[in-house]
Amino acid sequence: MSFVPGQPVTAVVQRIEIQKLRQGENLILGFSIGGGIDQDPGQNPFSEDKSDKGIYVTRITPGGPAEVAGLRIGDKIMQVNGWDMTMVTHDQARKKLTKKREDVVRLLITRKSLEEAVKHSKGSHPRQ
Amino acid sequence: MEDYDVRSAASILASVKEQEERFEQLTRALEEERRNVTLQLERANLPPNPAISQPLAWQQVVMQEQSPSNATSLAMMQEPQEVVEETVTIEEDPGTPTSHVSVVTSDDGTTRRTETKVTKMVKTVTTRTVRQVPLGPDGLPLPEGSSPLSSYTDSIDRRYMKNGGERFITPQATSTLTRAYNNSYNDSYVETPESQYIRHYGLHDGYTDLTDNYGSLSRGVNFRPPRYPYMPNSYRPENSYTLPIRKDDYGHVAQPQVPMGSSTVDLNRSQPERFQPEPYGLEDDRRSLGPEEEEPYELEPDYSTANRRTLPGTNRGRTHREPLRDVHRVRGYPDDPIEAELIDERHPYIHGMYSAPLAQPERGSMASLDRMAGRRSPSIDSIRKDPRWRDPDLPEVIAMLGHPIDPVKSNAAAYLQHLCYENDKIKKDVRQLKGIPVLVSLLDHPKSEVHRKACGALRNISYGKDNENKVAIKNCDGIPALIRLLRKTNDMEVRELITGTLWNLSSYEPLKMVIINHGLQTMTNEVIIPHSGWEHEPNEDSKPRDAEWTTVFKNTSGCLRNVSSDGAEARRRLRECEGLVDALLHALQSAVGKKDMDNKSVENCVCIMRNLSYHVHKEVPGAERFQDPSALQAPGSAGPQRKKKDDAGCFGGKKAKEEWFNQGRKNGENDKNYDTLDLPKRTEPSKGFELLYQPEVVRLYLSLLTESQNYNTLEAAAGALQNLSAGQWTWSNYIRATVRKEKGLPILVELLRSDSDKVVRAVAIALRNLSIDRRNKDLIGSYAMRDLVSNLPSGQQRPAKNLEEDTVVAILNTIHEIVTDSSENARSLIQAQAIEKLVAINRTSQSARETKAASHVLQTVWSYKELRNALTKDGWNKSHFQPTVTATPKATKNGKPGYDDTTLPLMEKNQDGYSTIDQRDKDCKYKTDDGSADLTEREPLKNDTNRKHYIRSNRPAVSLVDACDVKPQPVDSWV
């Protein structure tokens with residue numbers, strides 16, 4: 001998932017739709033994010049490429065909406081409701097996720113296991 | 001147009017026809033060559049240049065028109081020659097997050113970008129265009145009031161319509177063109193110009209004819225939409241041809257024309273003479289101007305043969321005189337929806353048919369008019385008067401970049417530069433029309449004229465909010481190309497343009513590393529070192545040289561300043577770049593020596609130094625060796641423990657207090673050592689990055705803090721001290737002590753009164769780090785407390801300064817640091833009337849961060865039992881010093897005092913020191929520091945270069961507490 005700035009990124013993605021949980025005034029997604037272009041990418045424990053300044057899922061609340069929706073720790077968020085998340089600051093990402101008016105968040109995420117799954121299928125199927 | 005007299009329309013027609021016939025013959029001969037050329041052009045992928053084909057027409061026309069336009073334009077042009085720089089400084093955001101360390105490194109990214117309007121260039125370019133358009137006879141000045149463009153279009157359409165069939169048949173528009181004239185223009189003015197032309201031409205038979213024809217062709221070509229269709233013609237690099245003619249025209253034509261009836265006409269013609277003498281100021285232009293009459297003839301032969309090469313020189317000259325204004329019109333062009341299509345496909349003929357309707361320059365024209373009116377009024381006049389002039393549209397200009405004749409390239413590039421000036425739309429269009437790779441390729445062009453102008457255009461294109469433009473330059477390897485050129489050229493102007501472009505590019509985060517990879521050493525060797533006055537091996541006899549604050553140095557240092565904020569790797573690369581730190585330091589010392597330190601270059605240098613000083617104690621090779629033994633002594637090392645403490649959110653826990661106390665004592669001992677032992681003896685002078693943290697730099701920064709009036713410089717110098725005094729290693733101990741010995745504390749305290757928010761903040765944080773040193777802490781507690789407190793808001797009301805949240809938080813954190821482990825300092829705090837303010841902040845502040853920070857201070861104060869009596873006397877009780885649960889519900893959970901535990905019900909508590917953003921608290925966007933604020937360290941924020949005013953609130957509060965150590969924690973937000 002490494003990318004070169006300015007170049008298109010190719011990634012195997014999965015769509016995940018999370019229904020926010022309402023708690024009083026608050027809408028909760030039940031996960032936390034790390035990363036962003038204003039953060040030190042070297043400290044991101046989830047990225048393969050340590051220069052990747054993307055937004056990653058760092059923690060997930062057990063039983064929370066994100067977990068229910070299938071989000072996993074270490075997922076890289078590519079888009080939020082269609083907004084690109086690969087080149088945003090941490091705070092921009094947070095804001096896109098926490099819009100009060102939106103009860104549903106649609107994520108486009110990518111994770112290592114997805115890429116591998118695709119690779120495998122590519123590798124084996126065609127031959128047989 | 002209608003108004004014009006149609007005098008000898010008939011006679012003109014007749015003569016024109018004659019000429020056409022002649023011309024056709026010639027044309028055929030030329031055909032082959034043209035085709036060849038066309039092929040070449042096409043290969044070059046350039047969009048066909050309509051403009052090119054037109055050249056012929058220009059010549060004739062030019063003569064007349066040039067002059068008029070020149071006259072009008074002169075005023076404008078001259079000014080423009082000087083480059084107008086627009087500088088946007090993006091404030092650095094210091095965002096730094098600094099954690100404990102404090103330092104804010106921030107990036108500073110100040111981005112300075114420059115856009116230059118090159119008027120000169122423009123002129124040239126325009127001229128060409130103009131010439132083309134002038135086709136002459138027909139297009140005389142429009143009646144006032146009507147926009148020139150519209151008139152053009154009309155005429156064009158008509159032609160097409162009428163002539164369409166014929167023209168198409170003959171690839172060479174020439175024959176048709178004439179006719180076109182007749183049809184469309186005849187009514188209005190045609191006669192005068194043409195007849196004149198004819199006469200003149202008569203002198204040079206062959207040429208004349210040709211010119212006419214060309215002229216006609218070019219017209220067709222000129223109109224944007226229509227042109228494409230005619231492509232065959234346009235492809236030809238005809239510019240050269242035209243040249244010769246013009247000259248003739250000038251001499252002869254101009255005068256004859258004057259007599260002609262319409263006032264407008266007169267203007268045009270008469271003026272040329274005047275103008276000729278004046279060089280537009282551009283060097284190039286001059287050439288053409290001087291020799292005009294004679295040279296042209298010589299050229300002619302070539303022309304006929306189609307040798308373009310010879311022509312270039314002449315062309316240039318001619319071209320130069322363009323009136324700038326025309327350019328404006330062009331701007332309007334982008335609006336045409338048609339353009340895009342045109343570019344992509346040119347089916348000459350087909351398009352031709354359409355062209356009339358399509359070409360609605362009007363919008364564009366309108367726009368341009370407005371603009372012109374606003375800014376360049378002179379041009380407007382000229383335009384109105386002379387409808388024939390038309391600027392090449394963008395695809396044409398871009399196509400011209402690939403023209404085989406160098407002057408055409410350079411003029412096109414210059415024109416692009418002009419067009420792009422402050423016009424994001426055009427920049428975007430240039431990008432979408434694939435103009436950027438062409439410009440980049442011209443950087444390697446051997447002729448200085450060409451690469452200079454290409455570079456100028458790139459500089460303007462690279463400026464602005466649209467990062468796509470920057471990326472486009474990078475994607476076609478523009479950065480290495482710029483660097484190559486920097487190595488190659490000695491031309492100051494070119495170097496300024498290159499470094500200006502790099503500065504612009506460096507404002508975009510993803511390009512920073514690319515710039516470092518390709519250009520760091522080159523920029524250092526080619527610019528920074530030589531201009532800084534630093535010498536590797538100083539000659540003992542000669543005096544050390546002073547730095548020269550050249551534009552090149554300013555641009556380059558600005559670029560490095562931006563890239564220096566790109567994180568640890570960038571800092572490492574810069575520190576290890578040979579000669580860079582040495583040269584910057586030398587430059588700064590020279591600035592201090594000359595008391596010349598309020599300029600941008602100094603600001604840039606200090607900012608680079610500050611950024612490179614960030615985390616030196618962790619990032620410099622061999623830093624481990626200097627780790628403070630006292631820090632290591634602490635069981636388990638102080639760092640981790642503190643971190644734990646902070647995570648847990650126990651503020652001022654007993655254990656922590658002891659630790660601090662111990663540490664304070666240790667620092668005291670260190671100080672003693674320092675005082676007695678003095679600095680370590682060096683066997684050899686330090687160099688390179690070691691210079692960053694040698695105690696000698698303290699004096700430099702203090703001098704800057706004393707003398708500079710530039711807030712950015714002040715902030716950066718304070719930030720540098722802040723960075724250097726952070727952390728637990730031998731050098732930071734020295735630095736802290738040196739600041740004291742150099743009497744730096746009063747200087748810093750003084751700056752707490754600064755009007756600049758960011759200066760106050762940087763100074764406050766620096767004081768906090770300095771107070772790691774016990775003696776400093778005592779001194780600061782005694783002398784700085786009142787100034788610190790006076791910066792605090794009282795209740796909801798902000799003090800006059802109206803400091804930002806970050807600054808208030810920084811001050812509160814500094815106060816907290818100072819009162820921790822020092823009941824004396826806490827007493828000073830009480831005496832400074834701070835309790836009232838703190839309580840007010842704690843209870844009523846809208847900012848959770850402020851609330852929390854104030855709460856920490858209050859708790860610490862209350863923890864000194866010996867002070868409680870005094871506090872009670874003043875009417876305070878315990879409840880005032882406890883976190884205000886009711887007032888700020890967000891403040892506490894889990895019963896941890898002073899904490900905002902932001903954990904939402906679903907979340908687990910954060911145990912890792914991740915900062916949490918409290919969702920509930922939407923107003924407080926950046927609550928990152930809640931809870932574990934102290935631990936959080938963000939990498940320096942990258943500046944958002946596009947915004948002038950960075951939003952500061954982003955930065956987490958810095959806390960000294962952990963200065964020792966903890967790895968910066970990534971920011972992490974619950975959502």
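Protein chains in written order, with this note's numbering: chain A, 1 to 128; chain B, 1 to 975. A virtual CB, placed ideally from N, CA and C, is assigned to each residue, including glycine.
What do you get for B/D773, buried or exposed, if any count of 16 or more other CB atoms within 10 angstroms of its CB means buried? In this structure B/D773 is buried. Its beta-carbon is surrounded by 16 or more other beta-carbon atoms within 10 angstroms.
Skipping 5 residues on each side, what residues in its chain have a beta carbon closer than 7 angstroms to that of A/K100? L27.
Closer than 8 angstroms to chain B by CB, A/T10: The Cβ of A/T10 sits no closer than 8 angstroms to any Cβ of chain B.
DSSP has A/F31 in a bridge; who is on the other side? When DSSP reads this structure, A/F31 sits in a beta bridge with A/I60.
If I'm right that A/I55 touches A/V88 with Cβ under 8 angstroms, what's the distance once you round it to whole angstroms? 7 angstroms between Cβ atoms; contact.
Along chain A, which residues have their Cβ under 7 angstroms away from the Cβ of B/E509? Contacts between B/E509 and chain A, judged by CB atoms closer than 7 angstroms, involve I37 in chain order.
Assigned exposure category for B/Y783 - 16 Cβ within 10 Å defines buried: With fewer than 16 other Cβ atoms inside 10 Å of its own Cβ, B/Y783 counts as exposed.
Whole angstroms is fine: what's the gap from B/E690's alpha carbon to B/L612's? When the Cα atoms are used, B/E690 and B/L612 turn out to be separated by approximately 11 angstroms.
Tell me the rounded alpha-carbon separation between B/S15 and B/L30. Approximately 22 angstroms between the Cα atoms of the pair.
Considering only the beta carbon of each residue, do B/L779 and B/L748 sit closer than 8 angstroms? Against a cut-off of 8 angstroms, the Cβ pair of B/L748 and B/L779 comes out as no contact.
Using 8 angstroms as the limit for Cβ to Cβ distance, is B/T888 near chain A? Note on B/T888: pLDDT 39, under 50, position unreliable in the model; no value is reported.
Buried or exposed by the 16-neighbour rule on C-beta atoms within 10 Å, applied to A/E116: Classification of A/E116: exposed, given that the 10 Å Cβ count is below 16.
Go ahead and label B/K927 buried or exposed: buried means 16 or more other beta carbons lie within 10 angstroms of its beta carbon, across all protein chains shown. For B/K927, the predicted structure reports a pLDDT of 29, less than 50, and the residue's modelled location is therefore unreliable. The matter cannot be settled from this model.
Between the C-alpha atoms of B/T127 and B/L401, what's the straight-line distance to the nearest angstrom? Below a pLDDT of 50, predicted positions are generally treated as unreliable, and B/T127, at 31, falls in that range; no measurement from the model is reported.
Residues in its own chain within less than 6 angstroms of B/S845 by CB, not counting five upstream and five downstream? Excluding sequence neighbours, B/S845 sits near T851.
Give, in chain order, every residue of the region 457-491 of chain B whose Cβ lies closer than 7 angstroms to some Cβ of chain A. Taking 7 angstroms as the Cβ-Cβ cut-off against chain A, the residues of the region 457-491 of chain B that qualify are V471, K474, N475.
Give a yes or no on whether the minimum CB-CB distance between A/D40 and chain B is below 8 angstroms. Interface residue, yes.
Determine, using beta-carbon pairs with one atom in the region 541-553 of chain B and one in the region 504-515 of chain B, whether at least three such pairs fall under 8 angstroms. Output reads no: the region 504-515 of chain B does not touch the region 541-553 of chain B.
Taking only beta-carbon positions, decide if B/W549 is within less than 8 angstroms of chain A. By this cut-off, B/W549 is not an interface position.
For the beta strand (DSSP E) that contains B/W974, what are its first and last residues? Taken as a continuous stretch (DSSP letters only), the beta strand (DSSP E) holding B/W974 covers 972-974.
Opposing strand residues paired with A/F26 [DSSP bridges]: The sequence shown places Asn at residue 26 of chain A, not Phe. Paired residue(s): A/Q23.
Residues of the region 82-112 of chain A with a CB closer than 7 angstroms to any CB of chain B: list them in chain order, please. Within the region 82-112 of chain A, the residues whose Cβ lies closer than 7 angstroms to some Cβ of chain B are H90, D91, R94, L97, T98, listed in chain order.
Tell me which same chain residues have a C-beta within less than 6 angstroms of the C-beta of B/S771, skipping the five on either side of it? Beyond the five residues adjoining it in sequence on each side, B/S771 comes within less than 6 angstroms, by CB distance, of K777, I780, E817, I818 in the same chain, given in chain order.
When you compare only the Cα positions, how much space is there between B/D466 and B/K428? Rounded to whole angstroms, B/D466 to B/K428 spans 8 angstroms at the Cα level.
Within the region 465-531 of chain B, ranges of the alpha helix (DSSP H) (whole runs, at least 4 residues): As far as the region 465-531 of chain B is concerned, its whole alpha helix (DSSP H) runs of at least 4 residues are 467-475, 478-488, 492-505, 509-523.
C-beta atoms of B/K453 and B/A399 nearer than 8 angstroms: No. Outside cutoff.
In the DSSP assignment, find the unbroken beta strand (DSSP E) run with B/V763 in it and report its ends. Note, B/V763: premise wrong, no beta strand (DSSP E); alpha helix (DSSP H) at 757-770.
Contact set for A/R106: own chain, Cβ-Cβ below 6 angstroms, skip 5 residues either direction: Excluding the 5 residues flanking it on each side, A/R106 has same chain C-beta neighbours closer than 6 angstroms at E17, N81, in chain order.
Close beta carbons around B/I516, own chain, < 7 angstroms, minus the five adjacent residues each side: Closer than 7 angstroms at Cβ, skipping near neighbours: V563, A570, R573.
So what's B/W731 in DSSP terms, helix, strand or just coil? Helix.
Minimum C-alpha distance to B/M597 - residue among B/E535, B/Q831, B/L700, B/T499: The candidate whose alpha carbon is nearest that of B/M597 is B/L700.
Ordered along the chain, which non-local residues of its own chain (more than five positions away) have a Cβ less than 7 angstroms from that of B/K687? Only D582 meet the Cβ criterion.
Excluding the five sequence neighbours on either side, which residues of its own chain have a C-beta within less than 8 angstroms of the C-beta of B/D444, listed in chain order? These residues qualify, in order along the chain: H451, A481, R484, L485.
So, does the CB of B/G500 fall closer than 8 angstroms to a CB anywhere in chain A? Taking CB atoms only, B/G500 has no neighbour in chain A less than 8 angstroms away.
Please list, in chain order, the chain B residues whose beta carbon lies closer than 7 angstroms to that of A/L29. In chain order: V975.
DSSP bridge partner residues for A/T110 (one or two, in chain order): DSSP output for A/T110 lists A/K76 as bridge partner(s).
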